[in-house]
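A.B. asks:
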Amino acid sequence: MRSSFLHKYPINYRICFFLLIALMQYSYVCKAQDQSIADSLEIIYNSSREARKDLEILKGLANNSLDPIKRLKFSNELIEIAKNKDSKKYYFNGLLQRGHALTARGDYSKALESFFKAASLADSDKELGLIKVTLGDVYSLTKNHNRAIQYYNEGIEIIRKTGDEISLGSALLNTADEYLKNDQVEKAISYLKEAEEIFLEEGYDYGRAYVVGTLGLAYAKLGRNEEAEENIQFAIQYLEKYEDYSPICEFLSGMSDIYAEKGRDSTAIEFALLSRDLAKAYGFKNEIREANLRLSQIYEDRGDLPESYKYYKEYIVYKDSVMNVSTAQSMAGLRADYEVAQKQAEVDLLNIQRENQKLVVISIAVASFFICLIAFGLYRRNKFIKRTSNIIEKERNRSDRLLLNILPEETAKELKKNGRVKAKKFESVTVLFADFKRFTLVAERLPPERLIKTIDYYFSQFDRIMEKYGIEKIKTIGDSYMAASGLPFPTKDHATKMLLAAFEMTQFVKDTKEKSLFDDADFEVRIGINSGPVVAGVVGIKKFAYDIWGDTVNIAARMESHSEIRKINISENTYELVKDEFQCEYRGEVEVKNQRILKMYFVNNVKEELNKRAG
1 MRSSFLHKYP INYRICFFLL IALMQYSYVC KAQDQSIADS LEIIYNSSRE ARKDLEILKG
61 LANNSLDPIK RLKFSNELIE IAKNKDSKKY YFNGLLQRGH ALTARGDYSK ALESFFKAAS
121 LADSDKELGL IKVTLGDVYS LTKNHNRAIQ YYNEGIEIIR KTGDEISLGS ALLNTADEYL
181 KNDQVEKAIS YLKEAEEIFL EEGYDYGRAY VVGTLGLAYA KLGRNEEAEE NIQFAIQYLE
241 KYEDYSPICE FLSGMSDIYA EKGRDSTAIE FALLSRDLAK AYGFKNEIRE ANLRLSQIYE
301 DRGDLPESYK YYKEYIVYKD SVMNVSTAQS MAGLRADYEV AQKQAEVDLL NIQRENQKLV
361 VISIAVASFF ICLIAFGLYR RNKFIKRTSN IIEKERNRSD RLLLNILPEE TAKELKKNGR
421 VKAKKFESVT VLFADFKRFT LVAERLPPER LIKTIDYYFS QFDRIMEKYG IEKIKTIGDS
481 YMAASGLPFP TKDHATKMLL AAFEMTQFVK DTKEKSLFDD ADFEVRIGIN SGPVVAGVVG
541 IKKFAYDIWG DTVNIAARME SHSEIRKINI SENTYELVKD EFQCEYRGEV EVKNQRILKM
601 YFVNNVKEEL NKRAG
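Take 1 as the starting number for the sequence shown in UniProt numbering and just add one per residue.
In structure tokens form, the structure reads like this:
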């Protein structure tokens, strides 16, 4: 199987679909999607204007199209026409298929909205039970385990009463998968065994392939690798026939885990790469992210840190994609506001000039008679000039404030004076990186406005803490916060100040969680710190950015990635500066650039002597 599969999929990728409830379709009968039906219906759909408005044709296209983009298109058309024709049946079906399409595209918030709306229209226990299980699927994708299990079991209880065995088997399969993701392996296996028995009795081989593959993943978690490999290979071979690639990506990752456990790293890498490439071909972001993380871990275990770092960087790209877009939009908005204000001042000045020209023409034409009007015009002219000067001054002050928000004060003065800033080397500074755990999971389920409000709440308090200790905030990247102590003005106690600030940051995040201020975004923070020389300067010629470079920065980032939640992880460079003031716990070594080995320490608390001085 393996060799044929490895050679088959680099070419001729076709349409992919994501199965929320395994094999379930809401067309009042339970069956798998059939792209051949969709292809035939699309020919009819394109043949005439009447066909493009036929509810049954649109329903068939929405139910059977494997391409999520096409599925979303036909679902939206079905919803619109069903609404106009007051057809509850087709409107209900359109909402369901729209939810499936949005889920396949990773838009979970809108998918839930569509499914909840469909639930309010459900006419039977069968419909309601299937929607409950579908809601469980979406919450599972957002890593909300408790809510997923709640909806799964509610759905199973309802479906058992309907006598629909295939729907019941599918619901049991998806619930088992959720238990498996949370390492409740024995419970998962009991659900899978019941589902397999149902599919065998019903002769539903397609559903059984899902069950057998998922059982393989469960056996792998228990260390039963031979059974796991046999089950997963069976599932992959069967699902290949149907070009059902989303579960194949997950099963390939399972094979990678099995071979890694056996110590066959090369084969493990081969399967992980295949999972990653297949996921990339169809845009499965979750699978791409997980495959990159798995490859990074395998290469790290092999001691190949450059390769490990390469895949970890790609993992981070997918992890932070939501936040990167939001940050870019907010920065673009800031720039736009500034440019609009400048243009408004120019318009006001132009209006004044036109008014003055008008007054001059009138004065020349009827000078003797309208001398009072000339005086009045001069008065208005002076008033306009004064108002314009105020506008220009206000915009200049606003520009200065914006610049000081981006650059340190001394750097901003140098930039205004010379039009550029010379790079400076600082021999000893302390650099901090802070990162939120579970940020990507939270970002996937929160509306953008809510996400930005939450991040702003945390980062604004971090800014106030940095200002309190005279520390320079450098930048934020996604959910990562970077700051440096000891610049632009060198100080001897830069490391001490940074650690005191770090303790306040962790305490603030802890207090926020305990007060339940953001129940839907209960972040945990981890912090990494390193000390040493850096080069600082301004990059760009339009959108200026103050930044720092050097191995010190890279090692600080390394300390953060090896830290733990609510912990402050420091390098031995920082430890040598603060060991007399803080109680530190040695926790091992880590390899950094140029094969250097650095010791790491957790900073547990402040020694009493420093507390007395601070008090």
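From the three backbone atoms N, C-alpha and C, an ideal C-beta is built for every residue, glycine too. On a predicted model such as this, the values are computed, not experimentally measured, just so you know.
(1) With a CB to CB cut of under 6 Å and the five nearest residues on each side skipped, what residues in its chain are close to Leu112?
(2) In chain order, what residues of the same chain have a beta carbon less than 6 Å from the beta carbon of Arg98, not counting five sequence neighbours either side?
(3) Have a look at Leu293 and Leu499 and give me their C-alpha separation to the nearest angstrom.
(4) Hey, Ala62 and Leu41: beta-carbon distance below 7 Å or not?
(5) From what residue to what residue does the alpha helix (DSSP H) around Glu524 run?
(6) Would you kindly work out how many angstroms separate the C-alpha atoms of Ser48 and Asp54, rounded to a whole number?
(7) Can you give me the C-alpha to C-alpha distance between Glu427 and Arg587, rounded to a whole angstrom?
(8) Measuring straight from C-alpha to C-alpha, what distance separates Lys425 and His145?
(9) What does the alpha-carbon distance come out to for the pair residue 617 and Asn530?
(10) If you check the beta carbons only, do Gln95 and Lys73 fall under 7 Å apart?
(11) Quick one: using the 10 Å Cβ neighbour count with 16 as the cut-off for buried, is Met24 buried or exposed?
(12) Opposite Arg596 in the DSSP bridges: which residues?
(13) Indicate whether the contact test is met: 3 or more Cβ pairs, each with one atom in the stretch 471 to 485 and one in the stretch 176 to 190, closer than 8 Å.
(14) Using only CA atoms, which one of Tyr311, Gln184, Arg289, Ala495 lies nearest to Ile298?
(15) For a quick check, are the C-beta atoms of Tyr108 and Thr162 less than 7 Å apart?
(16) Could you pull the start and end residues of the alpha helix (DSSP H) that Ser120 belongs to?
(17) Helix, strand or coil for Ser460? Go by DSSP, reduced to three states.
(18) Starting from the Cα of Ala188, find the closest Cα among Thr214, Glu165, Ala122 and give me that residue.
(19) Give me the DSSP bridge partner(s) of Phe436.
(20) Where do the N-terminal and C-terminal ends of the alpha helix (DSSP H) with residue 650 fall, by residue?
(21) Distance, Cα to Cα, Ala345 vs Leu446?
(22) What's the call for Arg276, buried or exposed, on a 16-neighbour Cβ count within 10 Å?
(23) Rounded to a whole number of angstroms, what is the C-alpha to C-alpha distance between residue 622 and Glu290?
(24) Mind pulling the alpha helix (DSSP H) runs of 4 or more residues that sit fully within the stretch 77 to 111?
(25) By the DSSP assignment, the beta strand (DSSP E) with Ser480 in it spans what residues?
(26) Examine the Cβ distances between the stretch 263 to 273 and the stretch 224 to 239 and report whether three or more of them are shorter than 8 Å.
(27) Mind reading off the beta-carbon distance from Leu273 to Leu239? Whole number of angstroms is fine, and I expect it under 8 Å.
(28) If you draw a straight line from the alpha carbon of Asp463 to that of Glu589, how long is it in whole angstroms?
(29) Measuring straight from C-alpha to C-alpha, what distance separates Ile69 and Ala101?
(30) With burial defined as no fewer than 16 other Cβ atoms inside 10 Å of the residue's Cβ, what is the status of Gly532: buried or exposed?
(31) Relative to the C-alpha of Glu581, which candidate in Ile258, Arg105, Lys607 has its C-alpha closest?
(32) Hey, is Ala188's beta-carbon within less than 7 Å of any beta-carbon in chain C?
(33) Does DSSP put Leu402 in a helix, a strand or coil?
(34) First and last residue of the alpha helix (DSSP H) that includes Glu290?
(35) Can you list, in chain order, the residues of its chain whose CB lies under 7 Å from that of Val539, leaving out five sequence neighbours each side?
C.D. replies: From the atom records:
(1) Closer than 6 Å at Cβ, skipping near neighbours: Val138.
(2) Closer than 6 Å at the Cβ level, and outside the excluded window around Arg98, lie Ser75, Ser114.
(3) 30 Å
(4) no
(5) Per DSSP, Glu524 belongs to no alpha helix (DSSP H); it is in the beta strand (DSSP E), 524 to 539.
(6) In this structure, the alpha-carbon of Ser48 lies about 10 Å from that of Asp54.
(7) 27 Å
(8) 49 Å
(9) No answer is possible for residue 617: it lies beyond the span of the chain, which begins at 1 and ends at 615.
(10) Here the sequence assigns Leu to residue 95, which means Gln is not the residue at that position. Cβ atoms of Leu95 and Lys73: not closer than 7 Å.
(11) Residue placement at Met24 is flagged as unreliable, the pLDDT there being 35, under the threshold of 50; a coordinate-derived value is accordingly withheld.
(12) Val592
(13) no
(14) Tyr311
(15) For Tyr108 and Thr162, no; Cβs fall outside 7 Å.
(16) Here Ser120 belongs to no alpha helix (DSSP H), and DSSP marks it neither H nor E.
(17) helix
(18) Thr214
(19) Val525
(20) The displayed coordinates of the chain run from 1 to 615. Any statement about residue 650 would go beyond what the structure contains.
(21) Low confidence applies to Ala345: its pLDDT is 36, below 50, so where it sits in the model is not reliable, and the reading given next is rough at best. Spanning the two alpha carbons is a distance of roughly 39 Å.
(22) buried
(23) Here the chain covers residues 1 to 615 and nothing more, so residue 622 does not appear.
(24) 88 to 104
(25) 480 to 485
(26) no
(27) That pair is no contact at about 19 Å.
(28) Asp463 and Glu589: Cα-Cα distance of roughly 31 Å.
(29) A straight-line Cα-Cα distance of about 7 Å links Ile69 and Ala101.
(30) Burial call: buried.
(31) Lys607
(32) In summary, chain C is missing from the structure at hand, where a single protein chain is found.
(33) No answer about Leu402 holds up, because its pLDDT of 48 lies below 50 and its placement is not dependable.
(34) 285 to 302
(35) Cβ neighbours of Val539 beyond the five flanking positions: Ala545, Asp547.
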